[in-house]
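A short write-up of the structure that comes next.
There are 2 protein chains.
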Amino acid sequence: MQRYKCIISYDGSGFSGYQIQPKKRTVQSDIEAVLTKMHKDKRVLVSGSGRTDAGVHAKGQVIHFDSPLPIPENKWVVALNSMLPEDITVLSIEKVSPSFHARFDAIGKEYRYFLHLSATRDPFRRNFAYQYPYPLNIDAMREASRYLFGTHDFSSFCSAKTEVEDKVRTIEKIDLTMEGELLLFRFVGNGFLYNMVRILVGTLLEVGTGAREPKEILDILEKKDRRYAGKTAPANGLYLWKVFYN
Amino acid sequence: MQRYKCIISYDGSGFSGYQIQPKKRTVQSDIEAVLTKMHKDKRVLVSGSGRTDAGVHAKGQVIHFDSPLPIPENKWVVALNSMLPEDITVLSIEKVSPSFHARFDAIGKEYRYFLHLSATRDPFRRNFAYQYPYPLNIDAMREASRYLFGTHDFSSFCSAKTEVEDKVRTIEKIDLTMEGELLLFRFVGNGFLYNMVRILVGTLLEVGTGAREPKEILDILEKKDRRYAGKTAPANGLYLWKVFYN
Chain A
1 MQRYKCIISY DGSGFSGYQI QPKKRTVQSD IEAVLTKMHK DKRVLVSGSG RTDAGVHAKG
61 QVIHFDSPLP IPENKWVVAL NSMLPEDITV LSIEKVSPSF HARFDAIGKE YRYFLHLSAT
121 RDPFRRNFAY QYPYPLNIDA MREASRYLFG THDFSSFCSA KTEVEDKVRT IEKIDLTMEG
181 ELLLFRFVGN GFLYNMVRIL VGTLLEVGTG AREPKEILDI LEKKDRRYAG KTAPANGLYL
241 WKVFYN
Chain B
247 MQRYKCIISY DGSGFSGYQI QPKKRTVQSD IEAVLTKMHK DKRVLVSGSG RTDAGVHAKG
307 QVIHFDSPLP IPENKWVVAL NSMLPEDITV LSIEKVSPSF HARFDAIGKE YRYFLHLSAT
367 RDPFRRNFAY QYPYPLNIDA MREASRYLFG THDFSSFCSA KTEVEDKVRT IEKIDLTMEG
427 ELLLFRFVGN GFLYNMVRIL VGTLLEVGTG AREPKEILDI LEKKDRRYAG KTAPANGLYL
487 WKVFYN
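Respectively, the protein sequence lines represent chains A and B.
For the first sequence, the numbering used here assigns the number 1 to the initial residue and increments by one for each residue that follows.
For the second sequence, the numbering used here assigns the number 247 to the initial residue and increments by one for each residue that follows.
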């Protein structure tokens with residue numbers, strides 16, 4: 001039996017998220033179906049670095065699975081891609097030690113969020129960026145983002161539905177850059193809570209419109225209560241960009 | 247009654263082409279449905295500058311229609327976009343004389359074709375560029391494209407299904423440029439036959455792989471027979487980019 005680490009990319013538009021759910025099309029179930037077929041209907045389990053929600057994309061999600069098949073690494077990529085649907089692609093696959101775990105060994109993640117700043121909607125971007133038609137004060141958003149940098153209890157920026165107890169996380173990098181009509185948010189951290197990036201973006205947007213002062217971020221963090229933060233930004237702008245391992 | 251000229255953009259992935267067909271989802275039928283609803287179920291006919299096939303996109307398709315509704319031009323854009331599905335967007339609308347005709351008054355068109363030159367498929371580009379994994383001699387393709395420039399009988403580059411008799415067209419501009427992993431073809435001409443751009447691209451690809459010499463373009467033009475040209479390139483890389491009027 002050999003364990004494999006596999007980096008995948010997917011367009012989340014057509015999936016009810018990453019994680020397997022009964023009667024729903026999910027990334028995990030599509031990959032398990034292909035692997036199970038390759039193993040003569042012996043079920044192969046796939047573990048991901050974490051979930052992504054319905055409509056959320058991945059440029060570098062990491063999964064692992066075990067297989068006894070004597071297939072070289074490069075042939076694995078070709079075999080999987082020939083059987084997977086077109087909205088999932090395997091980017092790379094490598095043999096790892098049996099102790100490797102996509103989720104427990106992850107030491108950090110990068111998420112990106114794309115806003116399309118335009119009064120006119122673009123049919124080619126509708127699934128891939130959140131169209132935002134109102135003016136934004138990006139300097140104020142950058143100022144606010146500096147209060148998020150570092151180690152904090154992010155309870156206020158976490159869906160109330162979460163079951164995780166420890167909500168202290170460290171944001172190691174957070175920046176906002178304009179690329180044409182796109183405003184790109186980059187978040188690198190040691191871990192992110194459920195909906196955390198989308199709530200961070202939603203709150204920064206409220207700073208950008210002037211509805212909140214940049215400094216309010218400090219109060220929101222202190223409250224440790226989801227109700228004080230902004231709205232959850234839509235899923236279509238969010239990408240799990242990279243997962244970091246030692 | 248006022249005639250309106252309207253520039254629209256659409257992601258062709260979800261449509262069975264531009265032109266209305268029974269029991270199929272088409273761009274024309276979606277727009278007519280919205281206009282008919284706005285006119286209290288009195289059917290409004292829409293005329294386009296030409297058809298686009300299933301899967302073909304438009305960045306600047308032009309249509310016209312007539313309406314007695316006293317709506318200012320900018321309000322028309324907002325009203326239509328609020329009712330149209332997300333894969334069609336109205337970019338602009340303007341009042342024109344009742345003699346304007348989107349098809350008969352068009353004096354030229356620009357089409358673009360995007361090739362994604364990569365061994366790895368990209369889930370985010372699958373509907374928007376044709377992924378091509380083999381090496382191409384782009385200089386040879388450029389040389390071949392120069393033989394297409396100008397006025398020719400393009401019978402060899404036209405689907406045998408066409409009913410048009412006169413197959414003489416003028417290509418006023420044809421160029422190939424690399425943008426990262428994308429090879430972009432631009433075609434500007436006074437008119438294009440059915441499938442012409444896709445057959446031109448498919449034939450240029452055969453020059454790029456070395457299967458044909460650039461000069462063979464001259465022989466193919468002379469044959470005036472579809473069977474001598476290359477394959478029809480897939481629809482997903484093609485965009486109706488602009489329609490020109492006086």
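Using N, Cα and C, we set each Cβ at its ideal position, and we do this for glycine too.
The three-state reading of DSSP puts A/G14 in helix, counting H, G and I together. The Cβ of B/P369 sits closer than 8 Å to at least one Cβ of chain A. Secondary structure within the segment 118-153 of chain A: the beta strand (DSSP E) runs of 3 or more consecutive residues, fully enclosed, are 130-132 and 150-153 (chain order). Residue state for B/K469 is assigned as helix, using DSSP reduced to three classes. By the neighbour-count criterion, in which a residue is buried when 16 or more other Cβ atoms sit within 10 angstroms of its Cβ, B/Y378 is buried. Distance from B/T335 to A/T120 at the Cβ level is roughly 7 Å; contact confirmed, criterion being Cβ atoms closer than 8 Å.
As the crow flies, the alpha-carbon of A/G191 is around 8 Å from that of A/I107. Straight-line spacing of the CA atoms in B/S293 and B/R349 works out to 7 Å.
For B/S338, the enclosing beta strand (DSSP E) starts and ends at I334 to V342. If you look at B/S275, you'll find it in the alpha helix (DSSP H) that goes V273 to M284. For A/L200, the closest Cβ of chain B is not nearer than 8 Å. The three-state reading of DSSP puts B/A479 in coil, since its state is none of H, G, I, E or B. Separation of A/K161 and A/K40 (C-alpha to C-alpha, rounded to the nearest whole angstrom) is 38 Å. Of all residues in the segment 81-101 of chain A, only N81, E86, D87, I88, T89 and L91 place a beta-carbon less than 8 Å from a beta-carbon of chain B. Taking a cut-off of 8 Å on C-beta distances, the segment 8-19 of chain A touches the segment 56-68 of chain A, as three or more cross pairs fall below it. Taking B/P460 as the centre and dropping the five residues before and after it, the same chain places the C-beta of A386, E389, A390 and V453 closer than 6 Å to its C-beta, in chain order. Contact of B/Y393 with chain A is not assigned, every C-beta pair being separated by 8 Å or more.
Secondary structure note for A/T170: its beta strand (DSSP E) is the uninterrupted segment V168 to E179. If you check the CB distance, B/F261 and B/L281 do not come in under 8 Å. With a threshold of 8 Å between beta carbons, B/T272 makes no contact with chain A. Residue-level contact by beta carbon holds for B/D257 and chain A, with a gap shorter than 8 Å. Among the CB atoms of chain B, one or more fall inside 8 Å of the CB of A/T120.
In the three-state reduction of the DSSP assignment, A/L45 falls in the coil class, being assigned neither a helical nor a strand state. With a threshold of 16 other beta carbon atoms within 10 Å, A/Y18 meets it and is buried.
For the segment 373-404 of chain B, the beta-carbon criterion of a distance under 7 Å to any beta-carbon of chain A is satisfied by F374.
Taking the CA atoms as reference points, A/V44 sits about 15 Å from A/M83.
Counting C-beta pairs closer than 8 Å gives three or more between the segment 216-224 of chain A and the segment 148-165 of chain A, which meets the contact rule. Between the alpha carbons of A/V243 and B/G426 lies a distance of about 25 Å. Of A/I31, A/A211 and A/N137, the smallest CA-CA separation from A/K231 is found for A/A211.
The alpha carbon of B/R444 has as its nearest neighbour, out of B/L428, B/T455 and B/Y485, the alpha carbon of B/Y485.
Note: B/F350 is not bridge-paired with any residue in the DSSP secondary-structure output. Where A/A58 is concerned, the enclosing beta strand (DSSP E) starts and stops at H57 to S67. When secondary structure is reduced to three states using DSSP, A/S159 falls in the coil class, being assigned neither helix nor strand. In the DSSP secondary-structure assignment, B/Y250 is bridged to B/F311 and B/K341. Closest option to A/D166, judged by alpha-carbon separation, among A/E172, A/L218, A/D175 and A/T151: A/T151.
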